[in-house]
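Visitor: A single structure is presented below for examination.
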Amino acid sequence: MSGSAFPVQGAGRGIASPGLALLALLIGLFLAAFLVIPVVTVIFVAFQPKGSTGFTLINFVDFFSTDLFRRSFWNSAYVSLMSVVIASLLALPLAYYTTRFEFRGAALVQTLGVIPLIMPPFAGAVAMQLLFGRNGTVNLLLDDWFGFKVPFMEGLNGVIFVEAVHYFPFILVNLSTSLRNIDRAMEEAAQNLGCSGFRLFRRIVFPLAMPGYVAGASLVFIKVFDDLATPLLLNVKDMLAPQAYLRITSVGLADPMGYVISVVLIVASLLAMWLSTLALRGKDYATVQRGGGGTVKRPLRGIDRVLAYGAITVVLVLVLAPHVGLFLLSIATIWSFAPLPDGYTAAHYARVLSESGQYITNTLIYAGLAGLIDVVIGSAIAYLVLRTGMPAGRWLDYVATAALAVPGVVLGIGFLRTYFGVTLPSGQSLAAFWGMIVLALAIRRLPYALRACMAAMQQISVSLEEAAQNLGATRSRTVRRIVMPLMLSGVAAGFVTSFATAAVELSATMMLVQTQSDAPLAYGLYVFMQSPAGRGAGAALGVIAVVIVGLSTYVSNRLVERDMAARSEAKE
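Mapping the sequence shown onto my numbering, position 20 (from 1) lands on 20, and the numbers just tick up by one.
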């Protein structure tokens, strides 16, 4: 049995050709050049004495002996943990009621619950300030009606609030999947023994859904811990990711603290992934049936029905508020110290379309090229793993997936340190070339495209390829005429996923953008949001970003649904 984490169809059925070996080598060189070497360089420099070569731990001693860095570390850990807690409180009612009960509108609730992910969190931060800030809509109404204000957006509270609202869909999606697969008979047995209500949820349902919850919670923790732009926009600088960015951009590439902070960020991401695995180790979450009994839902009656609809309505209003706030800001003439804008205008959109067309064009080019690179490499790695049984394919899979643990700011710093001294024939530094932004986006989103390509190829029977080869088709012809057409919808879904998420990526691009003419939409959005005068135009640009990502997500879902329908018809 193969040691791969994925089922290998047809592994070892054929001898790896020199062409496949060359393909594996080229992919390995790509990953080495733009993932392994930049990250290793960051780690290496963190252990170097400033201004000289050798090995030292003094940089880490300085890090932990400096009050600012210690405070930044604990602030990042606190914000990440509290974001997980708040995100859990938002996701639990949506996931539980829509999957375990007869709940009218469950599909709509699940769809609306995922919408926060299509908005860049730093764009939502500005909208949240206008709605929940000290002089935002909610606090102005509270002060007017009851004479008090709630510090929703003060300091670290604001970062926690924004991050939890933005990332809670990770918990919602994973927890909902686990809840759907719980055998209904387990609940019935517990009810027959007198267990009901919250005790039933706490003792039976939630423990069985723990794998999905832990997977979502660990993703939220990692994403929040590594986020750069949201704290900066909220003027919270004493966190690790902002400190890494500020050290490199203000002190310079020679400053070791930026690299030390980057190593701490990587270790924290790996630690979160390891702890999530450790939390589930040695425990059995299997049920008697695989999802079959979980499809039978209980009815909601009386006060339970009222409470369920009330809780879900409150959660949806809260998590969709940033989108409403961003749209209102994009059409507002003036919105300050008032519950709603003083007037409305389309001037911000006109300004964005006239002044910021380059941002949008760059984004389409960068995200499109990154998505293309990802699906090409993802399809190639999937083929090497699932069709050849080459050990190199499995290692390429591991290395590409490891990009999940590398924060964007760390990758950006690695690119700068590794390639800043490399000069192009034009005299420009390689690190300042716009193509490096594309490569950074491709590396950051490669794991998502890889998983989509892997899933698409796993659903193709190897017997189809064997039949083609028995009829005289070469391996390359078989891949071109059989494998790729059957993978097309899965590959397209991977491309769209990579494109949509790369379109709003900021952490890596903030480090690599050298001129305004090379800046993508997310960078332009961040620049606009830095000043009150530019926030209307920034909000308009943010709405455009949401539309781009939303349409991409819709196309991706349609492709997946069409593929599933086609496969179902073929089986019938």
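Backbone N, C-alpha and C fix where the C-beta goes; we use that ideal spot for every residue, glycine too.
Can you look up Pro425 in the DSSP assignment and give me helix, strand or coil?
Guide: If DSSP states are grouped into helix, strand and coil, Pro425 belongs with coil.
Visitor: For Gln530 and Phe170, I'd like the C-alpha separation in whole angstroms.
Guide: C-alpha separation (whole angstroms): 28 Å.
Visitor: Determine the closest residue to Leu228 out of Phe337, Tyr554, Tyr523 and Leu369, with distance taken between C-alpha atoms.
Guide: Ranking the options by Cα distance to Leu228, first place goes to Tyr523.
Visitor: Rounded to whole angstroms, what is the Cα-Cα separation between Gly212 and Ala540?
Guide: So the two alpha carbons sit approximately 36 Å from each other.
Visitor: Any chance the stretch 219–233 sits against the stretch 111–123, with 3 or more Cβ pairs inside 8 Å?
Guide: Result yes; three or more Cβ-Cβ pairs closer than 8 Å.
Visitor: Going by DSSP, which residues form a beta bridge with Glu102?
Guide: Beta-bridge pairing links Glu102 to Pro299.
Visitor: List the DSSP bridge partners of Tyr344.
Guide: DSSP output for Tyr344 lists Ala332 as bridge partner(s).
Visitor: Report the rounded CA-to-CA distance for Gly542 versus Gln469, giving the unit in angstroms.
Guide: Computed Cα separation, rounded: 51 Å.
Visitor: State buried or exposed for Leu396, treating a residue as buried only when at least 16 other CB atoms are found within 10 Å of its CB.
Guide: By the neighbour-count rule (16 or more Cβ atoms within 10 Å), Leu396 is buried.
Visitor: Roughly how many angstroms lie between the CA atoms of Met484 and Thr474, to the nearest whole one?
Guide: If I take the Cα positions, the gap works out to 14 Å.
Visitor: Taking C-beta to C-beta, are Ala537 and His348 nearer than 8 Å?
Guide: Contact flag set, yes.
Visitor: Please report the straight-line C-alpha distance between Gly293 and Ala321, rounded to a whole angstrom.
Guide: Only weak support is given to the placement of Gly293: the predicted model assigns it a pLDDT of 45, under 50, and the value that follows is read from those uncertain coordinates. One C-alpha to the other measures close to 36 Å.
Visitor: Using only CA atoms, which one of Leu430, Leu307 and Leu486 lies nearest to Met457?
Guide: Among Leu430, Leu307 and Leu486, the Cα nearest to that of Met457 is on Leu486.
Visitor: In or out: Gln428 buried (at least 16 other Cβ within 10 Å) or exposed?
Guide: It counts as exposed.
Visitor: Would you identify the three-state DSSP class for Ser65, choosing helix, strand or coil?
Guide: If DSSP states are grouped into helix, strand and coil, Ser65 belongs with the helices.
Visitor: With distances taken between CB atoms, is the gap from Tyr78 to Leu156 smaller than 8 Å?
Guide: Result yes, Cβ atoms of Tyr78 and Leu156 sit closer than 8 Å.
Visitor: Would you kindly report the start and end of the unbroken alpha helix (DSSP H) that includes Leu240?
Guide: Leu240 -> alpha helix (DSSP H) spans Leu240 to Leu246.
Visitor: Could you pull out every residue in the same chain whose Cβ sits closer than 6 Å to the Cβ of Leu372, ignoring the five residues on either side in sequence?
Guide: So the list is empty, once near-sequence residues are dropped.
Visitor: Which complete alpha helix (DSSP H) runs does the stretch 87–163 hold, if anything under 4 residues is left out?
Guide: Fully enclosed alpha helix (DSSP H) runs of 4 or longer: 106–114, 121–132 and 137–146.
Visitor: Closest by CA to Asn174, which one among Glu466, Ala217 and Arg199?
Guide: Minimum Cα distance to Asn174 is reached at Ala217.
Visitor: Entirely within the stretch 33–84 and at least 4 residues each: give me those alpha helix (DSSP H) ranges in chain order.
Guide: Counting only runs of 4 or more, we get 37–46 and 58–65.
Visitor: Within a Cβ cutoff of 8 Å, which residues of the same chain sit near Leu275, ignoring the five residues on either side of it in sequence?
Guide: Within the same chain, Leu275 has close Cβ partners Ser218.
Visitor: Look at Val84 and Phe221 and say whether their C-beta atoms are less than 8 Å apart.
Guide: It is a contact, given that the beta carbons lie within the stated cut-off.
Visitor: Which residues bound the alpha helix (DSSP H) around Leu20?
Guide: First-last of the alpha helix (DSSP H) with Leu20: Pro18 to Leu31.
Visitor: Just to confirm before moving on: does the CB-CB distance between Leu446 and Ala431 stay below 8 Å?
Guide: Not a contact, by the Cβ cut-off of 8 Å.
Visitor: In whole angstroms, what separates the C-alpha of Tyr97 from that of Phe30?
Guide: Going from the Cα of Tyr97 to the Cα of Phe30 covers about 46 Å.
Visitor: Should Met511 be flagged as near chain B, meaning a C-beta pair shorter than 8 Å?
Guide: Protein chain content of the structure displayed is limited to a single chain, and chain B is not contained in it.
Visitor: Taking all protein chains shown into account, decide if Asn135 is buried (16 or more other Cβ within 10 angstroms of its Cβ) or exposed.
Guide: Under this definition Asn135 is an exposed residue.
Visitor: Please classify Phe64 as buried or exposed, where buried requires at least 16 neighbouring CB atoms within 10 angstroms.
Guide: Phe64 is exposed by the Cβ-count criterion.
Visitor: When the Cα atoms are used, what is the spatial distance from Leu117 to Val513?
Guide: Looking at the two C-alpha atoms, the distance is approximately 24 Å.
Visitor: Going by alpha carbons, who is nearest to Thr317 out of Gly550, Val109, Ala33 and Val61?
Guide: Per the sequence shown, residue 317 should be read as Val rather than Thr. Of Gly550, Val109, Ala33 and Val61, the residue nearest in Cα terms is Val109.
Visitor: Which residue's Cα is closest to the Cα of Met128: Phe327, Lys237, Ile182 and Val314?
Guide: Per the Cα distances, Phe327.
Visitor: Output the distance between the C-alpha atoms of Ser552 and Ala493, rounded to the nearest integer angstrom.
Guide: Their backbone Cα atoms lie some 9 Å apart in a straight line.
Visitor: Are Ala519 and Ala370 closer than 8 Å when you measure CB to CB?
Guide: Not in contact: Ala519 and Ala370 (Cβ atoms no closer than 8 Å).
Visitor: Whose CA, out of Ala405, Leu140 and Arg247, lies closest to the CA of Tyr265?
Guide: According to the sequence shown, residue 265 is Leu rather than Tyr. Among Ala405, Leu140 and Arg247, the Cα nearest to that of Leu265 belongs to Ala405.
Visitor: Using three-state DSSP, classify Ser552 as helix, strand or coil.
Guide: Ser552 falls in the helix class under three-state DSSP.
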